[in-house]
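Residue numbers (the numbering used here), protein chains in the order written: chain A, 2 to 284; chain S, 20 to 384.
Here it is, written out as structure tokens:
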């Protein structure tokens, strides 16, 4: 009787070791195609169409650009900017559902400004914005930030190569210098927050504070007015210092936790050692 | 005053008699090793889980909108909430590890043989209940990791033809993991599984106590080797009292278990708490790397490898049945595994395969 069961185990072992080359495809097909997942992982009709063979080649790279973008990482999808109905292919490009498609050059700031409200206000007051509104030729958002592959903003977006496409770099350079310290501080806080996450902390309160401060900070410098930036730097520094203090307190808390656990570890390890000695002496 | 209190207790419950007749005169083999204490250490781990679980219950909110936030509040706002949760989480993982080692040592020492077959069966059921505890408890923090790992595991029953989808839907309360699943798993975790666990553990301890501990196979005397034709409590050629000798050994191992728990909390606090465990569940955002917890990695990897899903799950069910009823299949009296090279070899191959699949499951794409 037992040999039948041993045989079952042998089958178990051999079946497990005879891996099929296409196991992953089958696994994915069988596990990820069930009703539970189709609702969740179903791609929007925009992406389905734009990645299909029938799509014009110049539009086919758009989904790929978007997938690596900062927008994609923050769940900002096609319809958030372009409108339309991403869940219904027949209405995906319906103007009744707010579809915009490719906006006119001068309409781009309004499209981005639906979400980036403060920055839009700041931009239209700037030389860049005025040139666009008055002459229709000034730079709009995508001139500096790109469109579908838009990345997280870094101070290095202000650089000689980009700025000197339209004008001398000197003024932009002074602006960059004025922003430098605040930007470095933001970067350092971001690193600390990433570190906290790695240590099992969910610093959402600090992240939200940083996000708000950063958003306010960005509404400052699209006017390219160095005096305004210098004037407000102290305010942002104190805001950022507040966030840093909270992060520091969290690190101190983590340090306390470590010390407390180590203390208990020593107590129990000591108890184990003492009891072991007692057992030895009894033996 | 103290004497009066002692006398009062003595008259009412007969403490001296209890210690003398039930503990001091209860004998255990004197050549037991530390592996004999793993059962009680696992039980201690369960007690730790029950106590910490009770405190977590005071602040945890079993609702998909609030579960993650409530766990984060326990970790950051509630005084020493982090401590309770970390102990609960680390001890849960150690409990599974202890159960695995307990089974390996029992198998290796042939302690499951007649008359201890039911003790093994009860132990096997306890392992399954513990894994059910882990599976249900895993979802409760409602993090990205818990959500997606549960999504994978709760989809396994769909491997069964005809009833598969219905089974999975019953488990989840729908086509996907939702707030309904969270409520179901929560009620399983705190309402259904604890009494089931305690009932089986009661039977397990009763059987161990009633039959007595087995002797390590290498130091078995002729009398101990004699066949069990009728019930008798185990007898030993060399033994010592349960109290204080063996009890002290058990207490020392419990201390070691707690020391290891706090060691992990001090020096490896994120061992069971990766970044995805501190990110709120997002059903619309599938993480690139979804993995179940370490104790499910081997069966998970095995399922990935076997092309036919039904075959894969059937083999696993056969394996569980063979494991649970193994003492009834392996009826030969010989307990020394070294004298049974086939079984010994198979045992080593299976053990190596388990480790290999776990490692593979952890690092494969």
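Glycine residues also receive a C-beta, built at the ideal position from the N, C-alpha and C atoms.
Note that the structure is predicted; figures quoted are calculated from it, not measured.
Quiz item: What residues of chain A sit near residue 270 of chain S, judged by a beta carbon separation below 8 Å?
Solution: Here residue 270 of chain S refers to the residue found at position 251 of the second chain. Here the neighbours are 276.
Quiz item: Residues of chain S with CB under 8 Å from residue 52 of chain A, in chain order?
Solution: Along the first chain, one-based indexing puts residue 52 of chain A at 51. What residue 52 of chain A touches in chain S: nothing, since even the nearest Cβ is about 18 Å away.
Quiz item: Rounded to a whole number of angstroms, what is the C-alpha to C-alpha distance between residue 168 of chain A and residue 143 of chain A?
Solution: Here the question's residue 168 of chain A lines up with position 167 in the first chain. Here the question's residue 143 of chain A lines up with position 142 in the first chain. Taking the straight line from one Cα to the other gives about 17 Å.
Quiz item: Can you name the residues that DSSP bridges to residue 260 of chain S?
Solution: For the purposes of this step, residue 260 of chain S is identified with residue 241 of the second chain, where counting begins at 1. The bridge partners DSSP lists for residue 260 of chain S are S/46.
Quiz item: Do the stretch 191–207 of chain S and the stretch 338–354 of chain S touch if we need at least three Cβ pairs shorter than 8 Å?
Solution: no
Self-check item: contact_flag[the stretch 153–162 of chain A, the stretch 191–206 of chain A] where n(CB pairs < 8 Å) is 3 or more
Solution: Here the stretch 153–162 of chain A makes no contact with the stretch 191–206 of chain A; the two share fewer than three CB pairs at distances below 8 Å.
Exercise. Kindly indicate which three-state DSSP category residue 299 of chain S falls into: helix, strand or coil?
Key: Translated into the one-based positions of the second chain, residue 299 of chain S becomes position 280. Residue state, collapsed to three classes: strand.
Quiz prompt | Separation of residue 305 of chain S from residue 279 of chain A, as counted between CA atoms | solution = As a working note, residue 279 of chain A is residue 278 in the first chain. As a working note, residue 305 of chain S is residue 286 in the second chain. Roughly 55 Å between the two C-alpha positions.
Quiz item: Closest to residue 194 of chain A by CA distance: which of A/184, A/182, A/211 and A/183 is it?
Solution: Within the first chain, the letter at position 193 stands for residue 194 of chain A. Ranking the options by Cα distance to residue 194 of chain A, first place goes to A/211.
Practice problem: Pull out every residue of the stretch 191–210 of chain A whose Cβ sits closer than 8 Å to any Cβ of chain S, in chain order. | Solution: The stretch 191–210 of chain A vs chain S, Cβ under 8 Å: 198, 199, 200, 201, 202, 203 and 205.
Self-check item: Top-ranked residue by Cα proximity to residue 99 of chain S, from S/75, S/121 and S/88
Solution: Locating residue 99 of chain S in the second chain gives position 80, where the first residue counts as 1. Closest by C-alpha distance to residue 99 of chain S, out of S/75, S/121 and S/88, is S/75.
Practice problem: Could you run through the stretch 255–271 of chain A and flag, in chain order, every residue whose CB is less than 9 Å away from some CB of chain S? | Solution: 255, 258, 259, 260, 261, 262, 263, 264, 265, 266, 267, 268, 269, 270 and 271
Practice problem: Please look up how many angstroms separate the CB atoms of residue 116 of chain S and residue 67 of chain S, rounded, as I've assumed it's under 8 Å. | Solution: The residue you call residue 116 of chain S lines up with position 97 of the second chain. The residue you call residue 67 of chain S lines up with position 48 of the second chain. Not really, about 14 Å apart at Cβ, beyond 8 Å.
Practice problem: Determine the burial state of residue 180 of chain S: buried for a count of at least 16 other Cβ atoms within 10 Å of its Cβ, exposed for fewer. | Solution: Here residue 180 of chain S refers to the residue found at position 161 when the second chain is read from its first residue. Classification for residue 180 of chain S: exposed.
Quiz item: Any Cβ of chain C within less than 8 Å of the Cβ of residue 284 of chain S?
Solution: Here chain C cannot be found, since the structure's protein chains are A and S.
Self-check item: residue 62 of chain A in three-state terms, based on DSSP
Solution: Against the first chain, residue 62 of chain A aligns to sequence position 61. Coil.
Self-check item: Where the alpha helix (DSSP H) through residue 228 of chain S begins and ends
Solution: As a position in the second chain, residue 228 of chain S is number 209, starting the count at 1. Start and end: 212–230.
Practice problem: Would you mind working out which of S/26, S/196 and S/276 sits nearest residue 59 of chain S, comparing C-alpha positions? | Solution: Here residue 59 of chain S corresponds to residue number 40 of the second chain, with the count starting at 1. Among S/26, S/196 and S/276, the Cα nearest to that of residue 59 of chain S belongs to S/276.
Quiz item: What runs of the beta strand (DSSP E), each 3 residues or longer, lie entirely inside the stretch 149–219 of chain S?
Solution: none
Quiz item: Closest to residue 134 of chain S by CA distance: which of S/189, S/249 and S/47 is it?
Solution: Indexing the second chain from 1 puts residue 134 of chain S at position 115. Measuring from the Cα of residue 134 of chain S, the nearest candidate turns out to be S/249.
Quiz item: From what residue to what residue does the alpha helix (DSSP H) around residue 352 of chain S run?
Solution: Working through the second chain from its first residue, we reach residue 352 of chain S at position 333. Per DSSP, residue 352 of chain S is not a residue of any alpha helix (DSSP H), being assigned neither H nor E.
Quiz item: Using the beta-carbon count (16 or more within 10 Å), is residue 91 of chain A buried or exposed?
Solution: In the first chain, the residue the question calls residue 91 of chain A occupies position 90. Classification of residue 91 of chain A: exposed, given that the 10 Å Cβ count is below 16.
Quiz item: Counting only beta-carbon atoms, is residue 15 of chain S nearer than 8 Å to chain A?
Solution: Since the first residue of chain S shown is 20 and the last is 384, residue 15 of chain S is not available in this structure.
Self-check item: Three-state class that DSSP yields for residue 212 of chain A in the structure shown
Solution: Taking the first chain and counting its residues from 1, the one referred to as residue 212 of chain A is at position 211. Residue 212 of chain A falls in the helix class under three-state DSSP.
Quiz item: Do three or more CB pairs link the stretch 219–230 of chain S to the stretch 134–143 of chain S at distances below 8 Å?
Solution: Contact holds: three or more Cβ-Cβ distances are below 8 Å.
Practice problem: Determine the direct distance from the alpha carbon of residue 106 of chain A to that of residue 112 of chain A, and round the result to whole angstroms. | Solution: Working through the first chain from its first residue, we reach residue 112 of chain A at position 111. Working through the first chain from its first residue, we reach residue 106 of chain A at position 105. The straight-line gap from Cα to Cα measures roughly 10 Å.
Quiz item: According to DSSP, is residue 94 of chain A helix, strand or coil?
Solution: Indexing the first chain from 1 puts residue 94 of chain A at position 93. Note: residue 94 of chain A maps to coil in three-state DSSP.
Exercise. Answer with buried or exposed for residue 324 of chain S, where buried requires no fewer than 16 other C-beta atoms within 10 angstroms of its C-beta.
Key: What you label residue 324 of chain S is simply residue 305 of the second chain in a count that begins at 1. Around the Cβ of residue 324 of chain S, a 10 Å sphere holds 16 or more other Cβ atoms; the residue is buried.
Quiz item: Would the beta-carbon of residue 114 of chain S fall within 8 Å of that of residue 73 of chain S?
Solution: Here the question's residue 114 of chain S lines up with position 95 in the second chain. Here the question's residue 73 of chain S lines up with position 54 in the second chain. Result no, Cβ atoms of residue 114 of chain S and residue 73 of chain S do not sit closer than 8 Å.
Quiz item: Ordered along the chain, which non-local residues of its own chain (more than five positions away) have a Cβ less than 8 Å from that of residue 110 of chain A?
Solution: Numbered from its first residue, the first chain carries residue 110 of chain A at position 109. 121, 124, 125, 130, 133, 141 and 142.
Quiz item: Taking Cβ positions, are residue 231 of chain A and residue 179 of chain A nearer each other than 8 Å?
Solution: For the purposes of this step, residue 231 of chain A is taken as the residue at position 230 of the first chain. For the purposes of this step, residue 179 of chain A is taken as the residue at position 178 of the first chain. Yes, Cβ-Cβ distance for residue 231 of chain A and residue 179 of chain A is below 8 Å.
Quiz prompt | Cβ of residue 41 of chain A within 8 Å of any chain S Cβ | solution = Sequence index remark: in the first chain, residue 41 of chain A carries index 40 (1-based). Bear in mind that the predicted position of residue 41 of chain A carries a pLDDT of just 40, short of 50, making it too unreliable to give a figure here.
Quiz item: Looking at C-alpha atoms only, which residue of S/208, S/231 and S/356 is the closest neighbour of residue 49 of chain S?
Solution: On the second chain, residue 49 of chain S is found 30 positions in, with the first residue counted as 1. The shortest Cα separation from residue 49 of chain S among S/208, S/231 and S/356 belongs to S/231.
Quiz item: Using Cβ-Cβ distances below 8 Å, what residues of the stretch 74–88 of chain A are close to chain S?
Solution: 76
Quiz prompt | Rounded separation between residue 32 of chain S and residue 26 of chain S - CA only | solution = Translated into the one-based positions of the second chain, residue 32 of chain S becomes position 13. Translated into the one-based positions of the second chain, residue 26 of chain S becomes position 7. So the two alpha carbons sit approximately 10 Å from each other.
Quiz prompt | Status (buried if at least 16 other CB within 10 Å, exposed otherwise) for residue 307 of chain S | solution = In the second chain, the residue the question calls residue 307 of chain S occupies position 288. By the C-beta density criterion, residue 307 of chain S is exposed, having fewer than 16 other C-beta atoms within 10 angstroms.
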